[in-house]
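Asks: For reference, the structure I am asking about is given below.
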């Protein structure tokens, strides 16, 4: 999946995973590695991502894709993409999860 990110991509992970902006593909890879390590520490061998409500909008060589992750809580994901030739690369991923205080 990391190959889908632009080398200069940025990301906000949910605060439970990382409270700062991640800058660059290597930092995002490390962020995902921490998420996977936490899952393994809880005895999980995979992470289910129940994606729903996907919406894609595009403007020339730019696109925005948004979706919900619905499991025990509500998560939201927004991807900003840019087309470079025939390939689309993620420029930014914004991830948030419901914190349980509002709904």
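In this note's numbering, the protein residues as written are 91 to 193.
Ideal Cβ positions, reconstructed from N, Cα and C, are used throughout, including at glycine.
Buried or exposed: where does residue 132 fall if 16 or more other Cβ atoms within 10 Å of its Cβ makes it buried?
Replies: With fewer than 16 other Cβ atoms within 10 Å, it is exposed.
Asks: In this structure, how does DSSP classify residue 191 when only helix, strand and coil are distinguished?
Replies: At residue 191, the pLDDT of 49 sits below 50, so the modelled position is not reliable; the number obtained from the coordinates is stated separately. In the structure shown, residue 191 sits in coil (DSSP, three-state: anything other than H, G, I, E or B).
Asks: The alpha helix (DSSP H) spanning residue 122 covers which residue range?
Replies: Here the alpha helix (DSSP H) through residue 122 covers 115 to 131.
Asks: Pick helix, strand or coil for residue 153, following the three-state DSSP scheme.
Replies: Residue state, collapsed to three classes: strand.
Asks: Going by alpha carbons, who is nearest to residue 168 out of 143, 189, 115 and 161?
Replies: That would be 143, whose Cα lies nearest to the Cα of residue 168.
Asks: Compute the Euclidean distance between the alpha carbons of residue 150 and residue 108, then round it to the nearest angstrom.
Replies: Roughly 32 Å between the two C-alpha positions.
Asks: From which residue to which residue does the beta strand (DSSP E) around residue 163 run?
Replies: That residue, residue 163, is in no beta strand (DSSP E); it is neither H nor E in DSSP.
Asks: Quick one: Cα of residue 101 to Cα of residue 176, how far?
Replies: Roughly 23 Å separates the two Cα atoms.
Asks: Does the beta-carbon of residue 116 have 16 or more other beta-carbons within 10 angstroms, so that it is buried, or is it exposed?
Replies: Flag for residue 116 reads exposed.
Asks: Which residue wins for smallest C-alpha separation from residue 156, given the options 136, 183 and 178?
Replies: Comparing Cα positions, the closest option is 183.
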